[in-house]
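Chains as they are written, first to last, in my numbering: chain B, 6 to 536; chain A, 229 to 534.
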Amino acid sequence: MSSFVGTGALVRLALRRDRIILAAFIVILVVMVAASADATVNLYPTAVSRVEIAATINSATATLAMYGPIHDDTSIGALATFKTGMMGAIAVAVLALLIVIRHTRTEEETGRLELLGATVVGRQAPLTAALLVAGGAGIVSGVGTAVGLIAVGLPTTGSVVMGLGFACLGIAFAAVAGVTAQLARSARPAAGMAGAALGVAYLVRAIGDASTANGLGWISWLSPIGWWQQSRPFAGNMWWVLALSLGVAAGVSALAYVLAARRDFAAGLLPDRPGPAAASARLRSPLALAWRLQRGSLFTWAATFATVGVVVGGLVSSVGNFANNPQARNFIIKLGGEHILTDAYLALELGIAGILAAVFGVRSVMRLRAEESSLLAEPVLATAVGRVRWAWSHLTVALAGSALLLVVVGISAGVVSALQLSDAGLGARVLVGALVQIPAAWSVVGIVVAAFGLVPRAIVIGWVALLAFVLLGEFGPLFNLSQTVMNISPFAHVPRIPGGTFAVAPMIWLTAIAAGLIVMGLGGFRRRDVG
Amino acid sequence: MDAVVTIEKLNKSFGSTRALDGLDLEVKAGEIHGLLGPNGAGKTTTIRVLLGLLRADSGVARLLGGDPWRDVERLHRRLAYVPGEVTLWPNLTGGEVIDLLGRLRGGLDKKRRADLLERFELDPTKKARAYSKGNRQKVALVAALSCDVELLLLDEPTAGLDPLMDAVFRECIVDLRKQGCTALLSSHILSEVEALADRVSIIRDGRTVEVGSLTEMRHLARVTISADLAGAPDGLSTMPGVHNLRVNGNHVEFMVDPGSLDQALVTLTSVGVTSLTSHPPTLEELFLRHYGDESSAAQAGQVATP
């Protein structure tokens with residue numbers, strides 16, 4: 006029996022299972038990219054206005070770190086896609102890696118793959134099917150994006166290179182997930198490792214792009230996201246750079262196949278070691294169990310936040326470095342000086358940290374629903390543990406964990422930026438800027454708890470809400486949405502610190518909303534059936 | 229003796245599916261009560277209502293003198309539960325799970341824990357992801373049985389256990405009954421309930437159809453006889469109380485009401501019996517008596533009479 010037998014059937018199964026989510030993802034991606042490109046074109050109708058804004062973008066370290074440079078300041082396409090290009094490329098990479106984990110490790114963990122494996126399915130068929138579906142999703146996303154961009158009137162070649170770049174990045178991270186699915190013993194850490202690889206790729210590129218003025222721009226070339234950027238859609242169209250991504254994808258996939266052939270079903274590469282025969286004295290409450298289940302993930306997140314803080318703080322000194330650009334200099338003087346830029350940069354990055362902390366909070370509190378549907382809650386609830394006490398276990402980790410992450414990033418970014426600029430006060434302001442994000446992150450956690458208690462089957466509302474808040478914050482101004490609509494997002498009410506003034510009122514009522522949602526959710530959970 | 233579990237006219241629907249349809253159940257203190265029924269009869273739903281995990285739509289459910297929905301923490305200190313489908317946290321060891329669940333229940337007996345681990349031949353140092361289905365079941369059994377409780381709720385507790393371990397489980401339950409523990413044992417395996425239960429409630433489609441000891445029920449149900457005779461059978465087809473008669477040459481197979489058994493055997497021996505097997509009613513046959521009137525009548529109509 007060939008080890009690839011059954012691949013076609015598995016591909017069809019995966020497409021059948023994911024048809025709605027895949028279609029929805031690709032449509033949203035294409036519409037966002039095309040619509041925001043269209044809006045940008047209308048915003049900067051003249052070449053002069055485009056050169057001016059491109060110069061401003063290229064001189065601000067914050068935007069360079071987040072989205073990379075605009076390689077051609079006269080190109081309408083490069084300007085129209087400078088934000089959505091980066092966000093779209095990352096979204097496609099995330100989609101690809103999640104698809105691969107979902108159809109390899111998750112299936113193996115739940116035992117469904119065993120059911121399939123006993124039929125006529127070759128040894129390498131599941132991995133191959135997952136890679137094909139993920140790669141295919143990347144390609145369709147790319148084609149859709151190219152068509153969308155051409156449809157709103159952007160140059161054809163640039164649009165195709167943009168689409169090609171999305172597809173190649175998706176393929177590369179599908180391959181990466183193919184490897185982490187073999188390394189980790191279950192789906193959660195496998196997805197975490199692949200996500201971490203993506204995060205490192207992004208960070209490396211951010212460091213390189215933000216340090217171009219210091220001659221360290223080559224660092225971007227160490228990252229697949231950097232290669233995507235160097236293909237320069239609409240600004241040179243150096244599509245052949247993308248061959249690097251495909252080459253890496255081929256090599257990494259080969260590694261995945263070698264690893265898959267070497268390990269046993271449902272095993273990681275390392276054998277399971279025996280553990281303690283008795284529980285430690287501390288493992289005696291639902292909270293202790295939640296801590297035990299989530300501490301590894303929280304440590305990883307905290308280490309990531311500390312690193313991000315150091316990078317963000319470290320880049321603060323290059324915020325003021327301008328490529329002797331008169332427009333940019335004028336722009337800054339108009340704004341009121343260099344420290345305004347530094348503050349704006351730090352406040353922006355801390356806002357991103359707030360959203361990431363909310364991501365941790367959502368993931369963490371969703372454990373409640375995961376434990377319930379996998380029947381792990383049942384034996385605990387059959388002991389002398391009330392429902393509310395049980396629910397507070399993962400909820401406490403979510404609330405305390407997201408707050409801790411913001412403290413960590415506040416301290417690391419604060420200390421490093423204070424050292425860079427020899428300004429101790431700045432360090433304190435950065436810490437405050439991180440802490441003010443906590444109530445907003447908590448209110449997103451509150452939404453998940455409310456969904457868990459009242460509409461448990463629709464718990465995905467938590468992710469949808471968070472995504473909507475991010476899109477409102479990123480694209481609301483571009484689409485001229487009214488402030489009332491943008492105010493739906495809790496993050497719109499967070500004071501921008503450093504730079505802005507601290508206001509206690511939004512802190513109090515965001516916390517109150519979070520508390521209200523949690524009370525609602527727990528009340529609902531007390532009254533509903535478990536299971 | 230007092231009732232440990234009292235359920236009267238309990239109803240529970242999930243959407244349009246009626247899981248419990250006026251179920252009655254009484255478990256007396258100190259008895260092992262079998263809850264017998266086919267898949268989907270409502271056994272697990274009943275136990276989940278008793279655990280306060282599900283809220284009944286109507287009817288009465290009392291457990292250890294309390295309300296299973298309201299008095300969760302107080303009642304759960306006094307009971308232990310073994311689910312039919314055991315899932316465990318993959319990165320905790322079996323020993324850790326046993327200790328955790330025991331502590332959450334209010335403490336476990338360390339000596340009994342060690343004893344049970346030995347009897348069930350369970351290695352507590354393995355990570356839960358490495359356990360087979362049977363071993364996961366053992367973890368749940370050891371966790372429940374090493375606690376000092378008044379009531380055990382066992383939902384098909386031996387699923388996945390091999391026959392040796394099945395025997396160990398039965399010994400343990402018998403030991404616990406001697407100490408005064410009450411148990412509600414749900415199962416679809418007649419022999420298991422037969423070996424352990426003092427009394428049985430048979431449920432089907434969410435309703436209680438029969439309560440009593442199995443011996444009592446047996447008397448009410450038909451026995452199946454299969455025999456090779458020395459010659460052609462005579463008189464069986466017209467005998468009242470004989471059902472589903474099938475004749476194939478000198479071989480006969482039929483079901484007979486307990487009251488007609490003696491007369492049927494007399495008829496057989498008058499012809500001469502070369503071999504005979506009889507088996508007591510299976511669970512399915514016990515059900516047929518209550519709910520299969522139409523189907524057994526249909527079957528009887530099909531019987532070929534020579």
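The beta-carbon is built from N, C-alpha and C at its ideal position, and this holds for glycine as well.
Note that the structure is a prediction, hence the values are computed from the model and not measured.
- Note that the C-beta distance between residue 110 of chain B and residue 228 of chain B is not below 9 Å.
- Neighbours of residue 43 of chain B in chain A, taken as residues whose beta carbon is under 7 Å from its own, are absent, since the nearest beta carbon is some 45 Å off.
- Burial is judged here by how many other beta carbons sit within 10 angstroms of a residue's own beta carbon; residue 267 of chain B has fewer than 16 and is exposed.
- The C-alpha of residue 380 of chain B is placed about 30 Å away from the C-alpha of residue 409 of chain B.
- At least one beta carbon of chain B lies nearer than 9 Å to the beta carbon of residue 307 of chain A.
- Rounded to the nearest angstrom, the gap between the Cα atoms of residue 409 of chain A and residue 373 of chain A is 11 Å.
- When Cβ-Cβ separations below 9 Å define contact, residue 381 of chain B makes contact with chain A.
- For residue 332 of chain A, the C-beta contacts it makes with chain B under 8 Å involve 289, 290, 291, 385, 388, 389, 390, in order along the chain.
- Between residue 266 of chain A and residue 383 of chain A, the CB-CB gap reaches or exceeds 9 Å.
- Considered as a whole, the segment 485-517 of chain B harbours 488-491 as its complete alpha helix (DSSP H) runs of no fewer than 4 residues, in chain order.
- Residue range 501-507 is occupied by the beta strand (DSSP E) that includes residue 501 of chain A.
- Chain A places a beta carbon closer than 9 Å to that of residue 284 of chain B, counting this residue as a contact.
- Residue contact with chain B for residue 499 of chain A: absent (no Cβ-Cβ distance below 9 Å to any residue of chain B).
- Residue 536 of chain B reaches chain A at 276, 281, 282, counting residues in chain order whose Cβ is nearer than 8 Å.
- Annotation for residue 234 of chain A: 254, 290 place their beta carbon closer than 6 Å to its own, counting only its chain and skipping 5 residues before and after.
- Looking at the DSSP output, residue 309 of chain A bridges to A/381.
- In summary, the residues of the segment 186-215 of chain B whose CB is separated from some CB of chain A by less than 8 Å are 190, 191, in the order they occur in the chain.
- Annotation: Cβ neighbours of residue 329 of chain A in chain B (cutoff 8 Å, chain order): 384, 385, 388.
- In the three-state reduction of the DSSP assignment, residue 235 of chain A falls in the strand class.
- The contact set of residue 294 of chain B on chain A, defined by CB atoms closer than 9 Å, consists of 317, 320, 328, 332 in chain order.
- Assignment of residue 406 of chain A by DSSP, reduced to helix, strand and coil, places it in the helix class.
- By the Cβ neighbour-count rule, residue 488 of chain B is exposed, with fewer than 16 other Cβ atoms within 10 Å of its own.
- With respect to the 9 Å criterion, residue 345 of chain A and residue 370 of chain A are classified as neighbours on the basis of their beta carbons.
- Taking a cut-off of 8 Å for Cβ pairs, the segment 442-461 of chain B and the segment 395-405 of chain B touch, as three or more such pairs fall below it.
- About 6 Å separates the CB atoms of residue 412 of chain A and residue 263 of chain A; that is less than 8 Å, so the two are in contact.
- Not flagged as an interface residue toward chain A: residue 117 of chain B, since no C-beta distance is shorter than 9 Å.
- Leaving aside the five residues that flank residue 340 of chain A on each side, the residues in its chain whose CB is nearer than 6 Å to its CB run, in chain order, 374.
- Interface annotation, residue 128 of chain B: not in contact with chain A, CB-CB separation never under 9 Å.
- Beta-carbon to beta-carbon, residue 98 of chain B and residue 178 of chain B are separated by about 4 Å, close enough to satisfy the 8 Å threshold.
- The straight-line gap separating the alpha-carbon atoms of residue 364 of chain B and residue 306 of chain B is approximately 11 Å.
- Distance from residue 271 of chain A to residue 419 of chain A at the Cβ level is roughly 17 Å; contact not present, criterion being Cβ atoms closer than 8 Å.
- Beta-bridge pairing by DSSP links residue 476 of chain A to A/479.
- Residue 429 of chain A and residue 361 of chain B have their C-alpha atoms spaced approximately 55 Å apart.
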